[in-house]
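According to UniProt numbering, numbering within the sequence shown proceeds without interruption in unit steps and concludes at 130.
Even glycine gets a Cβ: it sits at the ideal position worked out from N, Cα and C.
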Amino acid sequence: MNARIGRWLKYRATKLRRPKTTDRSQDPWALLMCKLAGITVPPKARQGYQQYMRESYEADIKAVVEARWKASSLEEDGVTLRTAKGPGAPFRAEVARELFKELSEEQQDEIKLRREGRGARGTRRFTSTK
């Protein structure tokens, strides 16, 4: 009986295969090895409007967002249409996009240059696991 169990275990060990996925992010062994090796995916660079929102939300964008939220949540007769406490992320991002487009080309280019450094920072250490 013990020999039979041993053969079964040996059979199971030889038939064990890696997952048939080409996506390494779904492979638990690849993720573990990357974590142990210290390999990290570099952060993605933000879009221009995202960097603008990050840098000057309190100064430039917040007042416009609140005004537009208030205007869009009230009907002409003063009845409140929205029950949400405040504007959500998609609403704030839409306003930030519009305000970013209104900036001069010079200002947009400055902001885009500042956001590009964020994505390039981690690429030196990153090596693909594929």
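What's the call for Y57, buried or exposed, on a 16-neighbour Cβ count within 10 Å? exposed
Which residue comes first and which comes last in the alpha helix (DSSP H) that contains K101? A89 to E102
Boundaries (first-last residue) of the alpha helix (DSSP H) holding Q47: It is not in any alpha helix (DSSP H) - Q47 carries neither H nor E in the DSSP assignment.
Three Cβ pairs or more, each shorter than 8 Å: is that satisfied between the stretch 29-37 and the stretch 59-76? no
Taking the beta carbon of P43 as the centre, do at least 16 other beta carbons fall within 10 Å, making it buried, or is it exposed? exposed
For V64, report the span of its alpha helix (DSSP H) as first-last. K62 to S73
Measuring CA to CA, which of A45, I5 and L9 is closest to R114? A45
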